[in-house]
Structure formats: structure tokens, C-alpha cells
Amino acid sequence: MEPLKNIESLAYFSPEILLVVFAAAVIISDLIVKNRESNIVAYISLVGLGCSLVAILVTNSFINSNEPISLFFGMIRLDGFAVFFKILLLLATAATILFSLRSEELDVRLKGEYYALLLAVTFGMFLMASSTNLLMIFISLETVSLTSYILAGFLTHSPRSSEAAFKYITYGAVASGTMLFGLSMLFGMAGTGDLMQISSQVAAVLDSGGVSTLTVLIAITFILAGIGYKIASVPFHMWSPDVYEGAPIPITAFLSVASKAAGFALFLRFFHVGFGKPEILQSIDWGLLLAIVSALTMTVGNLAALPQQNVKRLLAYSSIAHGGYLLMGAVLLTTEGLGAIFFYLIVYLFMNLGAFYVVVLVANEAGTEMIDGYRGLATRAPFVACAMAIFLFSLTGIPPLAGFFGKWVLFYAVIGEGLYWLAFIGLLNSVVSLYYYARIVKAMYLESTEDTDSFSFPTSTIALLSVFVVPTILIGFLPIFYTLSEKIILQ
Amino acid sequence: MLLSLMIFVPLFGMIVVLLLPRESEELIKRTTLAFTLVPLVLAVVLFVSYDRSSAGTQYFVNVPWIDAFNINYYIGIDGLSVTLLLLTALLGPICVLASWRNIEKGLKAYMALFLLLETGMLGFFAALDLFLFFVFFELTLLPMYFLIGVWGGPRREYAAIKFFLYTLFGSVLMLVAMIAVYLNSNVINGVAEGARTFDIPTLITLAGTTGHALADSTFQMWVFIGFFIGFAVKVPIFPFHTWLPDAHVEAPTAISVILAGVLLKMGTYGIVRVNMAMFPEGLDFFTNGAGFWGNSLALLGFINIVYGSFCALAQTDFKKLVAYSSIGHMGFVILGLAAGNSAGINGAILQMFNHGVISAMLFLLVGVLYDRAHHREINGFGGIATKMPVYTGITTLAFMASLGLPGLSGFVGEALSLLGAFQEFELITILSTIGIVVGAAYFLWTLQRVFLGQLNPKYEDLPEINRREIMTLVPLGILTIVLGIWPNFALDMFSESVTNLVNALNGI
Amino acid sequence: MSLQHYLVISSILFSLGIFAVLTRKNAISILMGIELILNSCNLNFVAFSRFITPAESIVGSEVFRFDGQIIAIFGIVLAAAEAAVFLAIILAIYREFGSIRPDEVDTLKG
Amino acid sequence: MVVSLISIILLAPLASFAIFALLGLAKRNFPRQDYLSTFAMLVALGCSLYLIQEVVSDPKPLTVEWLSLGSVTFSMGFYLDSVTVIMLIVVTLVSSLVHIFSIGYMHGDPRYPRFFAFLSLFSFSMLFLVVSDNLLGIYIGWELVGLCSYLLIGFWFEKDSAANACKKAFLTTRVGDVGMFIGMMMLFAEFKTLSLYGDNGIFDAVTTLESGQIAGLSIAGILIFCGAVGKSAQVPLHTWLPDAMEGPTPVSALIHAATMVAAGVYLVARMFPILTPTSSLVIAYVGGITALVAATIAIVRFDIKRVLAYSTVSQLGYMMLAIGAGSYVAGLFHLTTHAFFKALLFLGSGSVIHAFHAMHAHHDDEHTDDAEHEHDDHSLVHEHGSEIPPDQDMRNMGGLRKKMPWTFGTMLVATLSISGVPFVFSGFWSKDKILAGVLGRAMEWNSVHHYILFSMALIAAGITAFYMFRLIFMTFFGEPRNQEMHNMAHESPWVMTVPLIILAALSFPIVNTGWFNKDYVKPPEQHHVSAPQHAYVSPDTKTADANFGFSLFGTSEAEAAEEDGGNGTTYTDDAHYAVHKLAHNIAMVLSICVAGLGILLSWMFYQRRTFSAEGVATTFRPVYNLFWNKYYFDEFYDGVLVALTVWKSRLFAKFDLSFIDGIVNGVGKVTRDIFAAFIGFFDNRVVDGLVNRVAEVTWAAGGRIRKIQTGAIQTYLFVVLGGIVLIILIFRLF
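If you read the protein sequences in the order shown, they are chains A, B, C and D.
Last residue of the first sequence: 521 in this note's numbering, with the numbers rising by one and none dropped.
Last residue of the second sequence: 511 in this note's numbering, with the numbers rising by one and none dropped.
Last residue of the third sequence: 266 in this note's numbering, with the numbers rising by one and none dropped.
Last residue of the fourth sequence: 768 in this note's numbering, with the numbers rising by one and none dropped.
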């Protein structure tokens, strides 16, 4: 159907608009509120997220999944796919805000900016999830990046944080620059920025012999560099361990889940819609390329995680590995694959955020991010330890935890395409991963510590923690989640 | 319904236990005991009410679970599974009793985990949906890891992670094989039609229909390997066995009992349920195939027997000795299964059950001694018999049963497996009988070193085995004797099912 | 001047940018490299837009679409923003490390 | 009726044991376990006596399906023929007597009740073995008696010697049993059943075998015989029996003289129909060799019980020889007679020991004292370096006949019987029958083998007479060698002497040859044994009737049994008649001669001292050493087998150790050996080693990947660029 004009688009754009409005509201209220200790701004931003969630659901009810709407002359598109990711991102952001409330490393004086930026990032991610135009893709990517740079470096007077920000921005800038160059080449070949037409155009040019496959290849590879950097896939992953380690823990959690998810949204839309077309696939074997990348990604992530002592860094590597697992689903861009990715993202959201939340808590109480800090946690804070164990084993993929079911759907999709070797690599990786996850469990349960004074956590904390624990246990058993792919096939 | 109840009562028990206050230990213990007794009662009910004449699965429940993959919550029992269910349910309360005194820290968590473990085991033996089967199979991993790792001996961390890694490695291969089976479950003559399925009985029939992708021999061979390694780690079959001694030595008594009594059986049960029933072609390749591969399975059994026995002979740690002995005894199971004839398979299954009972006894006995002397060094004892006549008596019974003394249960399974195997693999079987002699050797030697001879002055005032401990041992002892004298008591249950299996294998 | 000339130039700019980013031992020059890269892209967009975007008739009269140019403008804006952020972060770095040599900022590793 | 009787026979002893066991769990004891067990045995005895006339009615009174595995079924049941009944009576009778004897002998032992419980268990197992109609049942009983012998030999387990002995006994017999089991497996594989009798039983099936399958049958037969070799202590597995003398003497009498060890012979007799010429010959030779070896060893023993033990071994060899040579009836006949007189001898020696024992050790602290005395009296027995308990050392005895007349008298009877002194004593008849049988077959087939066997038997007979009288002379005649012990010695109480007297009575042919009359014991058909030259005819059925015994000594049913064939067929063929008649006469003459010679010699050596034993010993030192060291069997086993096993197991243990020292020790030590090298290879490659290695490699890889993460941002960017270029290149190449 015909793309909507700007004004009529606004109605469907309400979720994003709400985010922006509330971001502004946060800043203003921050100016008004004198009491530095009050968390009012955080609650405002939470409300904002709530409103935007409602808006998403409302707008979603307007559209019917098989006939999506494109807004702003086809700049962005509103479909099940976008809605799914938006909800996912909202949840992640909300979680991050809640973490931040508990986090003690953040500077109380900068609350306003902090939460405003978080909302801004979310806004950018929304665009990433729904943009269908080269320009929009680039803008959204940059929005997200720029804000994340700041958030990563948000800890004033912390060398690690600043270093993280520095590396992040340098790396990010180059990557996005490269991507932009690729985009420009693509634009040149297709003569249009509209993702819907690019593929056919490029195909046409290829057939007419106007450009060689090599050009297309280079263009795509450049773009891949940009997207790969967002989802931290080998060889574009190297920024993530450092940044994750340096950034404030809530932000690390946010990056490891939200920006990865957004990256995948972009990735899927770009390749599935843009270059999922067979004629392009013929010329270059994307499947193999992605398969190799994913295999490398998970292997590198897991192996590098083995010797880590800093839990944050360990989780950073583990999240790289999980990026690899997710990529498996994208290899052949089949419906099963997409469904698997959706499912795994949900699971990953809960288990990974949960794990990071525990890291926050331990960092507060024990004042360290090192594995040694987790010694005897089982006796000092049984519930937290138990929750952490559940998250970690779920990340490993041990039944009956959700992580297992997530892996199951992924491997199912991969083997379904006959890529046994990839499945084997993936499975062996999950065996390896057990080893380093278990090291934390070991520290918590099998090792004892000299100071055995138990940590005390407010019920709110426990409640929040269980918000992550329960899905991590249950999701696998709920059939509904397995059928997501049918609901949100993207056009 | 009865079955589901039986499976999930322990799980419910776990929740209850978790809600109890940590301080009231007696209460926790009693609750756990109660929640383990319920499955036992139900198991007995099932065992009695099971219709022995028909081999088909009974008491089955089949409700859809994950439609997306056509995964169902499908459970049911046939003769084989009900026997093992009984064994599991029986060992449950016994283990709780065995952990009555000697769990110092975190009793609550211990009991909770134990109940979870029991659910896993019961579910595994009842599952008829391949996916469910796998989930339950893996469900036992976590509790086991913690039970060994937290309440174990000095080297518990190593043992626990080793156990975990080995098993996970095995199950990973299993997972791939499983998915492969599922994907091919609707392919006939190269064209996919209809829905895929995890339904084990259906899959078995499909694997039998010519032209079906599952019936393809090469496919079956590979899938067979995948599953087999998965189970072989659990059994454990050489060379995947090295986790066992460590795990056993470090694990607390009750856990060793479960480990030897039930977890090992999960491996062999899986082999029967999946490998043999579902992939006859694959089995054929490894048992009747040409050349080396044709003997490979029997060979593995033989290696287990001889290797395990000799290792046991070399041990000076009482518990390690028993651990190795069970490696040897599982070898007889493999040998019997490899035979693939009714004598062999019946013997193997009987051996599974008997070994479950006997090794449980042995580990309990080791535990009794350990609780008193706080060490397990065989040469550190001597002349105990004078101080603990009753204990000695029971131990002698267990040892004799374990070394396959006729009239006790150990013999029947062993003999049948060998009788069956001999018809297929004469030489290997004859060589395997070495295991019988060596078995006698290490048990008698142990008996002599620990119980006979001059009393070691250190143990002048060694307290005799107490009533609770006797209570844990007597039911097992009775079983060993009863099954020795009247094996049909158990054989009836599954001989029908086995007959069907054998017929299927022979293509009848 | 044909399209090729622009493309060649932009590619040279791009390469120079990459080179600068990889080799310069000063954060500021890295920033410059980045700016080069971005600008090479902008140049591309404009050039492409000028040369090969198909003309389409709106209400009879020949009108060109300016997609490329618009993208370029956005690019410039974003580049500026990026520069701002970058400089801010460099300040922080200088405060913490007393130097802006990228190879000295390597406490996070492994 | 029959079934219930047999059931009672079995259950009575079992019940008495069960009572003991159950009370034991409650840590209590039945007040008079001894009376209980004895009573149980007497009941069993009564029933078995009653069974005598029941035999003819139905050989298979009961068969129940024990195991049903779809196609195959294993059935358990009783088989009741004359042999069964005889065995039943022998077992129950001896057992009861031993029970009674033990009441006196074991009096005051700390584990007095347990002793009787074990005796009951043993009796049950033995009887079960006897009545079973199938190999599986026999095997079960077979192993159970093994267990009981283990428990009873190790009854005084505080003595390390006893602890060792019981282990040795169990293991050695087990080796044989495994052979037997393999034999069973072969039969099962062939006939798909383990039942012996009945329509589709093994004996029925063997008749249909073609000549092609005979070889297999021979192997099976020999393997089954292995079991007998173990249990009946035949060479080379005989070494456990002498050591088994560590057990209380009544046990030796019951288990290691009369019943269990005879079970081997019984088994072979039961398997008679499946024996082939080959297997028969093997059996016969093993028997013969055993008879000789054991006898020669017995000559030089000083421990009274050891002498009897070796004599038992030798006599068992005799029986094996008989059955191997086809003299079925003779073998069983000797089994029964031997059971009685050997039991008598043991009990007698027991009573002697008891007499001596009273002086230096009261039973309350039996074991510990024994242990000490082995050291105290070392000087006394030192010259031969063997540790003989002083109260069993014949060199401490002498001149006891006045002190203990009853014991002396009864033992003398037994000795005469075993030495084959004509015609009064049962031993003579049975032994003579064997000799006759063997010689008969030898002459009939004029087969060299059987001549050799005959001579073996003959020599053994002579030696037997020699060492038995040596025992008598050393123990009861001459001057007391150890005065203070002598003074303490006394006649045993009546509970001990009465059994002796009864047994003595049983050593007269009139009592026990009665069973072997013509229509009572019939040798079963052997379908696959055929003479080299011509059709085979059982020597038993043909050994001549007219002989001295008959003519001189009134009627002896034993001989009458021979008049017309045991298998009922009235025999007509004159040729064979003549042959066997001749054989019988020759045999008898010779046996009498050798017996006389033996007795004479021993009289000269040990009574009249014409020659000095020491002198002979020194002149024939090497031979003497050979005998004294029991042909070095034990040394051989300890040296080779045990070492091998231990070495192997150590090896396997290494196999499982962590791989480093696996290489260092394991491989380093045993590289010479292929096997070891193989293991060594596996050691570091497969087990644990590989796993650890993999872990290491993975870990190392992890470390290496970390290295790439230098922390310098520009390296990261290099990697990015490299990655891009690489991807492009790769895809250009394809």
C-alpha cells in the first residue's frame, strides 16, 4: 500500500514521539527537582516507557500483520517485526533503568541526563528496528551510537569508563563510517535509498553488467562491518569486551541486550528484505559467509571467556558468543531461523539481564566484579546465588531452563538446513561455555569465604530478580513463544 | 494420571521443602521421606496392577505441549520402565534415610535437590516423547552437579564438573541425533509429508517401514552413534567411564547409591528404548555387521567387564573398588544387549535391576563403615567381623550377590546375559568370564582385608550397625534373595516387551 | 568531470581516512581521519545523486530528486555531532590519563 | 508324597539356617541352634531313608518353570533315581553324624551357634545340588556349597592362615566353575535348554547328534569336568583342599572328605551320558594323575589332617578315573564307601586333635591361642619350616591307642578299609571294582591308555596303603614322642565317639554295598562312547561275576550286581565274559598284593624301623623335596598367576591414573610387552589423558585469543580492516 505522508504518519509514530517527549520531560523535571537523592526522573522515564508501550500496542492494533504500513514516504515501516523488537527494547530499557536505581556507581548529580539519554537511545533503537531506507538506517544507527558512547563513558572520574567511551567511539565511528561508504555505493548502484527497491534495482544493474559482483560484495561487506560492529560479531567484536568492562554495569547490560537486539533487527531487515532476494544470493554465497562468521563468533567468544576473572568481562565475551548463536538462525534467513532468533532473543533478554543484575548487586555489596567476590555467595545471599546459578545454567543451555529451549530452536533451524557442522560447532561451544559459567557457580556454591556476613537485600530487589528468574525457568514450557515467527514474519 | 502424579509428587515436595524453615531439620527430613514414600507406594501399585500379559505401554498420558514442534507430554510404562521406576522409587526413601545423619550443612537444599533429582529420574523412565525424554535426561544433571559438588568429599569440585562436562558432551551429540530423527520423521521416499513427530512408539514403527527416511541404514547408523555416545557416557562405557570413579568417591553415600542404582541405568535404559528399538539397522551394523564393527558392541561390553574388574582389583579405596565393580557389571548389561536375543536382553535388563539393588547395598555398606571409621582405606581395617557380625553378614550377602553367586539375584542376570551372548559372540563371551573370577577375587580379597584376620586394635570399640541402617539395607537384601530364587517376579514384567523387541530385531 | 573522477577522489579520501585512523598516534588526528571517511561518503552520495538518479516527471516539468544531497546533509550533521562527542571524550581521557595517545589508553585488555 | 519328602529334606536344614539369620538381624541367637540344626538333619535323614523304595516310581517327580523368556524357558525340578537317593542318604547321614560330633568338638566356641547354622546351610545346598534335575540347579547348589565351604573354612577367620585358605578355596574352585559355566553355555547354545532329563532334555538331545558334532560335545564335557576339577580338587586345581584343613575338623570331615568334594564325582557321573571317548579319557587321566600325585605328597606330610586331605584328593582322583574309564557304578560305589571311611578318619583325627587340644587351649580362646602357638612351637616343627599346629603334628603323637581305644579302633577299621584290605572292608570292594573295570576295558579294547591308567591306579593303591598305615603307626603305636602332651591326652566324650562307631560300622561292605545290587543302580547309556575296534559294552555290566570275593566270602550284592548287566540286559557274549572275568581276577590279586606291600613297608619304616624314613629321605633328597613341596604347585600359582593378575590390575589402574605418570611409570615399566605398550598408548591417548589434553588445548586457545585483545584501539581497527579484506578476498576466490 502507498506510503503515508508525514502528517498522517505521526499517529503511527506516537511511540517514538512519546519517548522523545518524556526524554525532554526528564531533563526539565531534573532542572526543577532540587533533591538530588530523589529518583523522580527515573520514575518519569519509566512512565514514559509505559506510555510508549501502550502506544505501541494501540498502533499495532491498527495494522494487520500481513499488510504493514510504511510511514514518512517509506522511510520507516510499521510491521509485526518492528513491534516485536520495540517491545523487546522497551523491556530491556525498563530493566536497565531499574538496575540503575540500584546501582551505586552512577553519579547522582547527572541523573537527568542519564535517563534522558537512555530514552534517546531507545528512540534510536526503535528507528533501527523499523527503518526501511538507507538514510534512516544510517541516522538511527548514529543516534544509537552517539548516545551509547556517552552512556558508556558516563562515570566521571573513572578511567575505565572514559577509556571504554574512547574506544567505543573510535571504533564505532570508523565502523559506521565504513558502513556509510558501503551505503553510498549501494545508493549509487540502486539510485534509490528505499530498501524495498534496492535489491531489485541492484539485481537489474548486475544483469545489465553495469557493475561487477565485486562492487556489490564490497558494498555489502562494508555495510556488514557497520552492522557487525553493532551485534559484535567476529571480526568486528573487539570493542565489546573493553567497553562492557569499562561501562557502568547497567549500561553494559543494556548494550549487551538492547543494542545487540536492535543490531539484529537492522541486520535481519537489511539482509532479509534487502538482500534475501534469490538473485542476489546466487551471485554471492551469503549463507556460507554468515555461517562462518557465526561459527567464528561463538568460538572466539567462548574460548576468550574461559580464562576471564572479571565477571563483567566474562559476560561480555559470553554475550559475543550468544551473538554467534543468534547468527546461526540468520544464516539461511528461513522462517524457522527467524522464529528461532526471536525466541532466543526473548530468552536471552531475561537470562542475560538477570545475570547482569546479580553482577550489579554483588558489585554493590562485595564491591568487586571479580569471580573471587562471588565466593560463598550461596551462604551469604542464597536466593541471589540460586538466581545467578539459574541464569548461568540457562545461558549454558541446560534443560529445563529457557536457555536450552532457545538453543534447541536455533540448532533445530540450523540442522533443518543441513548445516550439521555448524550445529556441532555450536553444541561443542555450549559444552565449553559450561566450563566458565560453572566457574562462577563453583565460586558461589563450592567455595567458602572468610567473611560470612550475609547480604541483606530489600524485597523490591528480590522481586525484580524473580521477575527475571521466573521467565528464565518457564518460557521454555510455554508453547506460545514458539509460534512467534508465524505472527511476525516481515515483508 | 497415576503416573504423572508419581513423577511430580517429588517436585511438589521440593517446593514444600523449600518453604519450610531452614532450622527445623527433623521436619524437613520427615517431609522429604514422606514425599519419597508416595512415589514408592504408587510404583508398587503400578508394578502390581501392570498387565503382565500384554507388552504394550500402559497408563499412558498424551497431551500436546509445544505444538510448534509437535512435542507432547507423552508418558507411559511398559514392563521395562515400570521395573526401573520401581527401583528408582524404592531407592528414594532409602537414600533419604541414608542421609539422615551425615548431612551437616544445607540439609534443606540437599533434600530439595534430591527431590528434584527423583522427579527427573522418574520422568525419564516414563517418558515416551523423545523430547520429553531428553529434557528429563538432562534434568538430572543440575541436581547431581550440586549434590556432588556441595556435599561431596575433598575433591568434589573436580568430580562434579567432570561428571557434568562428560554427560553434557554426550547429551550434545544426542541432541543432534534427536533433531536429525525429528527432521526425518516425516520423510517417505524422499518426499516430506505430514507433521514431524517425537512420539517414540510412532518413530519406532516409522523406522520399521521401508522407504521411510528413518529406515535408511546409513542414517540409522549415524543416529545410533549419536545416541549411543550420549548414553554410553552415562552407563558408563569405556572409554567414557573415567568420571565415574571420581564422582562416586566424592559423592555422599546416598548420592553414590542413586548414581550407581539409577543414573547408570538411565544409560542402558536409553540404549534399549532408543538405540535398539528405534534403530535396528544401526544396531545390526554394530552387532551382526561384517568384521570388526559387527563385534564392536560386544567388545565394548567385554572391555568394560575385564577392565572394570581388574581396576577394581587394584583399588585400595573401598568405595572406588565398588565404583569400578559397577563398571564391570554394566559391562554384562552391554554384552547381553549386544547379543540381541531374548536370553541376552532379558538378562541384561534383569542385570540392570539387580545391579541397581546390589550396588546400592554396597554403597550403603561402605557408607556405614565410613561414618564410623571416617576413612575407606581397605588395608586400614581388619578383623571387623568380630566387632560387627551383623554388618559383616549383610556385607557378605551383598558381596556374594555382586560376584554373581547363584541363588542371589546377581547371578541370574549375569548368567542370562552370558548365555545369550555366547550364542552370538562365543570367543568374546568366554573371555568375558574372566570377569567372573576376577570379580570373586577382588570381593573376597576385600572381605578378607576388611573383615577377617586379627582385629585392628584401632577399632576395639566399633559400634555395630544400627537399626536405621539395617532398615535401609533389609529391603534391598530381601530383593536380592527373592530375585535370586524367583527371578520371574521381575522377569514377568518385561519378558513380553523384550520378546516383541527381539521379534522386531529379527524382523518378525 | 565524470562520475568516475568524483568516485576516485572519494575513494582516496576514504583510504586516507582509514590510514590516518590506523596509524596516527594522536586522538585528534584519528578524529580527523574519521571526518575524512565521513566526508568521502558524503561526496559519494552527492555525486551519485547528481549523475545517476533517474529523473521523474512531476506535473509535466523535469524535476530532479535530491535524495543523495539530503543524505549528505544529514551526514554532515551527524559528523559534527560525532566530532563534538569525540572531543568531549578526548577531554575526559586527557583528564584521566594525562595523554591522548591512543596506544597509551589500554588499561582494558585481555 | 515324594515331592513333599524331598521338600522336607531341603527345607528342614534351610529353615534352621533361616532362623539363625533372621534372629541375627535382630542381633539375637536361637537358644539351642546346635540341637535345632541336628534335629533338622535327622529329619532329612529319615526322609531320605524313606525315599529308598520310592525311587522306582517316578524319576521326575517335580518340574517347575523357573524362568520363561519367550522362546526359551529354564525349568527347575527334582530328579530322583537310585544315585540321587544314595547321595541323599550319604549326605544326610554323614551330615547328621558330623552335627552330633560337633556338639562335642565345637563346644564352647564363641561362635558355636553360627557353626551349626552354616552346617545347615551347607547341607541344604548340597542336597539341593543332589536332587536338581538340570544343570542350572546343579550349578546353583554347586556354588552355594562353595560359599558354605568358604564360610566354614574361614570359621576361625582371626587366623590369617584360615582367612587365606577360605579365599583360596573359593577362588580356585571358582576358576573351575567358570569352565563349567562355559560348558553350560556351549550346551545351551547347542540344545537351547539346560534340563538334563525329559523328552527334550540334553541327554535326550545328545542321542541325535551326528558324528560331526561330537568334537564340540567332547569340549563341552571337558569344560563341565573343569567344574569337577575345581570342586573335587583334581590336579591342577587341587591345592586348595589341603589348605582347607584350616577349618574346624568336623567341617573337613563333612565338606572336604565326604560330600562337597565328592560332588565333583557326582557331577561327572550325572553327565555320564554326554561323555565322549575323548572327554572320558581326559577325565580318566586327570583322575589318575591326581591319584598318584596326591598319594606321593601324602607320604611325607606330618600334619595328620594334611595327610588325610591328600589322601582324599587321591581317592577322588580314583573315582574320576573310574568314571572316566566307564566304570560308572564302581566310581559311585567308591564314592559312598569313601564318604564313610574318610569321614570317619577325619572325625577320628578330630578326636585326637581334640584330645591334644584340651591341654593347651581351651576352646573359648581357640583362635588367638592357635595363632600364638604357631609361634611358640615353631622350634618343634622347625626342621621342615612348615607351620603345623602342634596338636595336629603326628610327630607329637604316638602310642595313643591305649589312651583313646575307641578312636583308635574305629580309625583302624577305616584305615584297613581305605587300604583295600580284603574282604571284610568296603573299601576293598569298591577299589577292586574300579581296578577291575579299568583293566577290563583295557584288555577288552587292548587300549594302551587304559593299561596306563590301570597301573596308575594300582600304584596309587599301594601308596595309599603305605601312608595310611604310616599315619596309624605314627599316631597310635610306638612310644609317645611328646610326653607332656601325651599325658594330657584323653578319650573324647561319647557325643564324639558314637558317630565314630557308627561310621566304623558303615565301613563294612555288608552295610553299604547293598545299594549296588543289580536293579538298583543302572549305568546310563553313553551314546557316543564306542570302542576303537568294536561296539562298546559297558565294563560295569560285564565285569565277571565269579571271583574270590564271591566264592570265599558268601554273597556280596555288589558282585551279584555284575552277574547280568547293570542295565538289565542279560549278558551272553562269552568273549567279553571271559575277558572281564580274567580282568577281575588279575585286578583283585594285584590290588591285594600292592595293598599288602604298602602295609608291610610302612610297618617296616614306622613300626619295626627296619629302614629309617629319614635315611631314605636323604638318599632320595630331590624326590623327597618334590613330594615335600607338593610338586611346587602353590609356588607356581603364587609366583605366576597371582603375580600376573596383580601386575595386570596394577597396569589397568595406571591406565586410569592421570596421563603424565601413566606415561612415566606405566609405559616405562612395561614397554617390553606389546599389551603393555598398547595400554600405555591408550593411557595417554584415550582415557582421561585425551580429555585433559583437549581441555588444555581449549584453554590455551582461550589464552591466545586473549592476546589479540591488546587493549590498543588501533589494533582492533586493524583487525576490522583485515576482516573486511579477508572476507572480500575469500569470496573472490570462490
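Built from N, CA and C at the ideal position, the CB exists for glycine as well.
Counting along the chain, the unbroken beta strand (DSSP E) around GLY79/B starts and ends at 74-80.
Beyond the five residues adjoining it in sequence on each side, GLY427/A comes within less than 6 angstroms, by CB distance, of GLY433, PHE434, LYS437 and SER460 in the same chain, given in chain order. Excluding sequence positions up to five before and after GLY298/D, its CB lies within less than 6 angstroms of the CB of ALA262, LYS265 and SER266, all in the same chain and listed in chain order. Apart from sequence neighbours up to five positions away, the residues of its chain that approach LEU326/A with a beta-carbon distance below 6 angstroms are VAL264, ordered along the chain. Against chain C, the CB of THR200/A has a partner CB under 8 angstroms away; the residue lies at that interface. Interface annotation for the segment 189-220 of chain A against chain D: PHE196, LYS197, THR200, TYR201, VAL204, ALA205 and THR208, criterion Cβ-Cβ distance under 8 angstroms. Between the C-alpha atoms of ASP315/A and ALA734/D there is a straight-line separation of about 33 angstroms. Taking C-beta separations shorter than 6 angstroms and ignoring five residues to either side along the sequence, the partners of GLU284/B in its chain run SER220 and GLN223, following chain order.
In chain order, PRO189 make up the part of chain A whose C-beta sits under 7 angstroms from the C-beta of PHE253/C. By the neighbour-count criterion, in which a residue is buried when 16 or more other Cβ atoms sit within 10 angstroms of its Cβ, ALA293/B is exposed.
Under DSSP, PHE108/D forms a beta bridge with LEU101/D.
Contact between the segment 172-183 of chain A and the segment 166-184 of chain C is absent: fewer than three C-beta pairs spanning the two stretches fall below 8 angstroms. In chain order, SER166, LEU169 and PHE170 place their CB closer than 6 angstroms to the CB of SER196/C, counting only its own chain and leaving out the 5 sequence neighbours on each side.
For THR744/D, the C-beta contacts it makes with chain C under 7 angstroms involve ASP262 and LYS265, in order along the chain. Residues of chain B with a Cβ closer than 8 angstroms to the Cβ of LEU221/D do not exist, since the nearest Cβ in that chain sits about 10 angstroms away. Within the segment 197-257 of chain A, complete alpha helix (DSSP H) segments of at least 4 residues are found at 225-238, given in chain order. With fewer than three CB-CB distances shorter than 8 angstroms, the segment 399-418 of chain B does not count as touching the segment 195-202 of chain D. Beta-bridge partners assigned by DSSP to ALA373/D: none are found.
For ASP223/C, the nearest beta carbon of chain D is not closer than 8 angstroms to its own beta carbon. In the structure shown, ASN344/B falls within a coil segment according to DSSP collapsed to helix, strand and coil. Counting along the chain, TRP448/B sits inside the alpha helix (DSSP H) bounded by residues 437-454. Taken in chain order, the members of the segment 187-215 of chain D whose beta-carbon sits within less than 7 angstroms of a beta-carbon on chain B are GLY188, PHE191, GLU192, ASP194, ALA197, LYS201, PHE204, LEU205, ARG208, VAL209, VAL212 and PHE215. For ILE747/D, a Cβ of chain C is located within less than 8 angstroms of the residue's own Cβ. Interface annotation, GLY229/B: not in contact with chain A, CB-CB separation never under 8 angstroms. Nearest in C-alpha terms to ALA315/B, of all of THR449/B, ALA346/B and ILE481/B, is THR449/B. Close to chain A, meaning a Cβ-Cβ distance shorter than 9 angstroms, are the following residues of the segment 68-81 of chain B: TRP68, ILE69, ASP70, ALA71, PHE72 and ILE74. Counting the other CB atoms within 10 Å of its CB gives PRO47/D a total of 16 or more, which places it among the buried residues. Collapsing the DSSP output to three states places ASN63/D in coil.
Taking 8 angstroms as the cut-off, the Cβ atoms of PHE241/B and ASN344/B do not count as close.
Put simply, the CB of VAL462/A is near chain D, with a gap under 8 angstroms to one of its CB atoms. Residue ranges of uninterrupted alpha helix (DSSP H) with 4 or more members, entirely inside the segment 130-167 of chain D and ordered along the chain, are 146-165. In the DSSP assignment, ASN459/A falls within the unbroken alpha helix (DSSP H) covering 450-471. Per DSSP, reduced to three states, the secondary structure at HIS215/B is strand. Within the DSSP secondary-structure output, ASP337/D pairs in a beta bridge with ASP427/D.
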